[in-house]
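In mature numbering (1 follows the signal peptide of the UniProt record, and there is no 0), the protein residues as written are -23 to -1, 1 to 148.
Down below is the structure, laid out as structure tokens.
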Amino acid sequence: MRRLALIAAAAPLAALAAAPVAASGFHDLAAIDSAVARFAGAEIGQSGGAQAPVDRQMRLATCAAPLALDWYGAGETAVRVTCPGSWRVFVPIMRTAASVPLAEETPVIARRDLLRVEAGGAGFRISRSGEALEEGRVGQAIRVKIDDGTRQGRVVTARVVEAGLVRIAVR
């Protein structure tokens, strides 16, 4: 009986712990981790991914607008995550010894190369053709012109995956 009373007393506490983070007025930090993983193209702890999960002790106001993510620092050493008009955090990116000397590697894409440009998310992937506006090494972000039906085309930034292939981060 005593055990049953303890379980009954603990049930409301378990429900409180499982309540959505947004109900507390704070942003879901796991959502930031997921957004950074999608943006960087690598999971936490992997080369190119976040070094560690976002500090769970942070209390960031719930963000009503979509998060804005962009690379920060020379050599893209962090991802800047911004809630427009509210807060901003920097998530350090893990670089292995093999990924650090990117500047010394031979470019796999030359200016004016024709490329396949891919973008995707959970359960979908699309691709288009594009033209490199600058040379690039694997892992480097370069500018690419995509044919959008206008004479000028649309210029986007994409990360070099391999010779002839670049990927756009979908936020």
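We put the beta carbon where it would ideally sit given N, CA and C, even for glycine.
All of these numbers come straight from a predicted model, not from anything done at the bench.
Counting along the chain, where does the beta strand (DSSP E) carrying residue i start and finish?
i	result
F3	No beta strand (DSSP E) contains F3, which DSSP labels as neither H nor E.
L46	45 to 49
A55	55 to 59
V66	65 to 69
L37	Here L37 belongs to no beta strand (DSSP E), and DSSP marks it neither H nor E.
S106	101 to 109
T134	131 to 139
V143	142 to 145
V85	From DSSP, V85 is part of no beta strand (DSSP E); its letter is neither H nor E.
G123	Correcting the residue identity first, residue 123 is Ile in this sequence and not Gly. Taken as a continuous stretch (DSSP letters only), the beta strand (DSSP E) holding I123 covers 118 to 123.
Counting only the same chain and skipping the five closest in sequence on each side, list residues whose C-beta sits under 7 Å from that of residue i.
i	result
R93	S104, S106, G141, L142
A55	Y49, F67, V68, P69, I70
G97	I103, V147
V133	V121, I123, I145
I21	D10, A14, A27, A29, P30
I'd like to know whether the C-beta atoms of residue i and residue j end up nearer to each other than 8 Å.
i	j	result
R131	G116	no
F3	T39	yes
If you draw a straight line from the C-alpha of residue i to the C-alpha of residue j, how long is it?
i	j	result
M35	Q23	23 Å
T127	E139	28 Å
L91	V13	29 Å
R88	L110	5 Å
residue 154	D125	The shown model of the chain, from -23 to 148, leaves out residue 154, and the question about it has no answer.
A8	E53	21 Å
L44	P61	7 Å
G26	D10	10 Å
G100	A42	23 Å
V129	E108	According to the sequence as given, residue 129 is Gln; it is not Val. Their backbone Cα atoms lie some 12 Å apart in a straight line.
L6	E95	28 Å
S1	P30	20 Å
Leaving out five residues on either side along the sequence, give the residues of the same chain with a beta carbon under 8 Å from the beta carbon of residue i.
i	result
G113	P84, V85, I86, I119, V137, V143
L46	A12, V13, F16, V56, R57, V58, T59, A146, R148
To which residues of the same chain is residue i closer than 6 Å at the C-beta, ignoring the five residues directly before and after it?
i	result
residue 149	This structure does not reach residue 149, given that the chain is present from -23 up to 148, and the question cannot be answered.
Take every Cβ of the segment 8 to 23, pair it with every Cβ of the segment 59 to 70, and state whether three or more of those distances are shorter than 8 Å.
yes
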